[in-house]
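**Q** Chains as they are written, first to last, in our numbering: chain A, 4 to 117; chain B, 864 to 1094. Cβ atoms here follow ideal geometry from the backbone N, Cα and C, with glycine treated the same way. All of these numbers come straight from a predicted model, not from anything done at the bench. The structure under discussion is supplied below as structure tokens; questions concerning it will follow.
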């Protein structure tokens, strides 16, 4: 199967303007400042967690796609890198159940002590 | 009709991008063939590193969720008194900005590397290493403040849940180790750039590979900042 080798060669000498990186840098600064403000303004509860996750994912997306050039990679490589970490959600789910169990065991049978 | 030839229905169902993925992963094995081998290896290393850091963060989540004592308030623990006024979490905020700036200079270094601009590439990489060293220095300050002044230990602390110290030292320590290794890697590659090593070989990929590692360190910090410091 013939592939886009010329396009790939062009990738190696790609010329993104420097302004693109400065722009992303600026966005990352703003997003970091906004996540800091979440703490500074004492935003609490579900709003706090939603905002933290939102700003985190936006920053991670910018770093991955622009700084790490993932936006210009082959789709197969992108999937090879982004799909495996999804199984970590299973680990998080299992450990949530485990932590819940440990917490109530401590609270009920160990007099709230460690 | 040959079975390997896609019929009309296949062509309608599969978009060109989906067909390309199927071909890449099937017998053609083209996924990594058009990528520089060093870059592919670095990506695979970073994927494995993702799992290590995720295990630490999941362990932290488990400990924090199962702790019966209240978790120490990170905004107060990491506050600094500047000009007689206590500003919450300010040191961590500055560290975040320093690391993001280093990522910015690194991205530009990679760009100038592909333009074969030796001087600017080496200078920007040195600047990146300098930001990285600053970050590690601030982390050393943070650690000594926590250990010597606040009495935080891996097995306990005066502020609350004893699991706090273990997660903190483990997660930030491992991240700091990554930053330190990154600074060394950047200095080595930068000196090679400055000496014209990659002009002779005609291949500036090493700069991009070092850049991938460096951006990953920044990426991990994004998650640590969100989950450990802000949560």
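1. Would residue 1084(B) count as contacting chain A if we go by Cβ distances under 7 angstroms?
2. If you drop the 5 nearest sequence neighbours on each side, which residues of the same chain put their C-beta closer than 8 angstroms to that of residue 9(A)?
3. Give me the Cβ distance between residue 1092(B) and residue 955(B), rounded to the nearest whole Å; I'm assuming they're in contact under 8 angstroms.
4. For the putative contact between residue 960(B) and residue 35(A), defined by C-beta atoms under 8 angstroms, what is the C-beta separation to the nearest angstrom?
5. Would you mind working out which of 996(B), 889(B) and 893(B) sits nearest residue 1040(B), comparing C-alpha positions?
6. Considering only the alpha carbon of each residue, which of 1017(B), 1047(B) and 1036(B) lies closest to residue 1027(B)?
7. Tell me the start and end of each unbroken alpha helix (DSSP H) in the region 865-934 of chain B that is at least 4 residues and wholly inside, in chain order.
8. Over what stretch of residues does the beta strand (DSSP E) that includes residue 943(B) continue unbroken?
9. Take residue 4(A) and list the residues in its own chain whose beta-carbon comes closer than 8 angstroms to its own, dropping the five residues that flank it on each side.
10. Pull up the distance between the alpha-carbon of residue 991(B) and that of residue 974(B), whole angstroms please.
11. Measuring only between beta-carbons, confirm whether residue 959(B) sits less than 7 angstroms from chain A.
12. Are there three or more Cβ pairs, one per stretch, closer than 8 angstroms when the region 926-937 of chain B is compared with the region 25-34 of chain A?
13. By how many angstroms is the C-alpha of residue 1001(B) removed from the C-alpha of residue 1071(B)?
14. Applying the criterion that 16 or more other CB atoms from any shown protein chain within 10 Å of the CB defines a buried residue, is residue 1081(B) buried or exposed?
15. Report yes or no: do three or more beta-carbon pairs, one from the region 882-889 of chain B and one from the region 72-82 of chain A, lie closer than 8 angstroms?
16. Beta-carbon of residue 10(A) versus every beta-carbon of chain B: anything under 7 angstroms?
17. Does the CB of residue 1018(B) have a neighbour CB from chain A at under 7 angstroms?
18. Assign residue 1038(B) to buried or exposed, taking buried as 16 or more other Cβ atoms, counted over all protein chains shown, within 10 Å of its Cβ.
19. Take residue 916(B) and list the residues in its own chain whose beta-carbon comes closer than 6 angstroms to its own, dropping the five residues that flank it on each side.
20. Count the C-beta pairs between the region 912-926 of chain B and the region 85-98 of chain A that are closer than 8 angstroms, then say yes if the count reaches three, no if not.
21. Which term fits residue 951(B), buried or exposed, when burial requires 16 or more other beta carbons within 10 angstroms of its beta carbon?
22. Could you pull the start and end residues of the alpha helix (DSSP H) that residue 1026(B) belongs to?
23. Whose C-alpha, out of 42(A), 49(A) and 77(A), is nearest the C-alpha of residue 881(B)?
24. DSSP three-state call for residue 1065(B): helix, strand or coil?
25. Here's a check: name, in chain order, each residue in its chain whose Cβ is nearer than 6 angstroms to the Cβ of residue 1069(B), leaving out the five neighbours to either side.
26. Anything in the region 937-970 of chain B with a Cβ closer than 8 angstroms to a Cβ of chain A? List those residues in chain order, please.
**A** In short:
1. In the second chain, counting from the first residue as 1, residue 1084(B) sits at position 221. With 7 angstroms as the cut-off, residue 1084(B) does not count as an interface residue toward chain A.
2. By one-based count along the first chain, residue 9(A) stands at place 6. With a pLDDT of only 41 at residue 9(A), under the threshold of 50, the placement of this residue in the model should not be trusted, and no figure is reported.
3. The residue given as residue 1092(B) occupies position 229 in the second chain. The residue given as residue 955(B) occupies position 92 in the second chain. Right, their Cβ atoms sit about 5 angstroms apart.
4. Position 97 of the second chain, counting from 1, holds the residue named residue 960(B). Position 32 of the first chain, counting from 1, holds the residue named residue 35(A). Residue 960(B) to residue 35(A), Cβ: 6 angstroms. Contact.
5. For the purposes of this step, residue 1040(B) is taken as the residue at position 177 of the second chain. Taking only the C-alpha atoms, the option nearest residue 1040(B) is 996(B).
6. Your numbering for residue 1027(B) matches position 164 in the second chain. Ranking 1017(B), 1047(B) and 1036(B) by Cα distance to residue 1027(B) puts 1017(B) first.
7. 871-876, 879-888 and 900-929
8. Looking up residue 943(B) in the second chain gives position 80. From DSSP, the beta strand (DSSP E) with residue 943(B) extends over 943-945.
9. Here residue 4(A) refers to the residue found at position 1 when the first chain is read from its first residue. With a pLDDT of only 39 at residue 4(A), under the threshold of 50, the placement of this residue in the model should not be trusted; the figure read from the coordinates follows. Around residue 4(A): no qualifying Cβ.
10. Translated into the one-based positions of the second chain, residue 991(B) becomes position 128. Translated into the one-based positions of the second chain, residue 974(B) becomes position 111. Looking at the two C-alpha atoms, the distance is approximately 14 angstroms.
11. What you label residue 959(B) is simply residue 96 of the second chain in a count that begins at 1. It does; some Cβ of chain A falls within 7 angstroms.
12. no
13. For this step, residue 1071(B) is matched to residue 208 along the second chain. For this step, residue 1001(B) is matched to residue 138 along the second chain. The alpha-carbon atoms of residue 1071(B) and residue 1001(B) are separated by roughly 27 angstroms.
14. Here residue 1081(B) refers to the residue found at position 218 of the second chain. When all chains shown are included, residue 1081(B) counts as buried.
15. yes
16. Counting from 1 along the first chain, the entry for residue 10(A) is found at position 7. Note that residue 10(A) has pLDDT 42, beneath the 50 cutoff, so the model's placement of it is unreliable and no number is given.
17. For the purposes of this step, residue 1018(B) is taken as residue 155 along the second chain, with counting starting at 1. By this cut-off, residue 1018(B) is not an interface position.
18. Here the question's residue 1038(B) lines up with position 175 in the second chain. Residue 1038(B) comes out buried.
19. For this step, residue 916(B) is matched to residue 53 along the second chain. Cβ neighbours of residue 916(B) beyond the five flanking positions: 1083.
20. The region 912-926 of chain B vs the region 85-98 of chain A: in contact.
21. Here residue 951(B) refers to the residue found at position 88 of the second chain. It counts as buried.
22. The residue labelled residue 1026(B) in the question sits at position 163 within the second chain. Looking at the DSSP string, the run of the alpha helix (DSSP H) that includes residue 1026(B) is 1026-1057.
23. Position 18 of the second chain, counted from the first residue, corresponds to residue 881(B). Considering only alpha carbons, the answer is 77(A).
24. Translated into positions along the second chain, residue 1065(B) becomes position 202. Residue state, collapsed to three classes: coil.
25. Indexing the second chain from 1 puts residue 1069(B) at position 206. These residues qualify, in order along the chain: 1052.
26. 938, 951, 952, 956, 959, 960, 963, 964, 966, 967, 969 and 970
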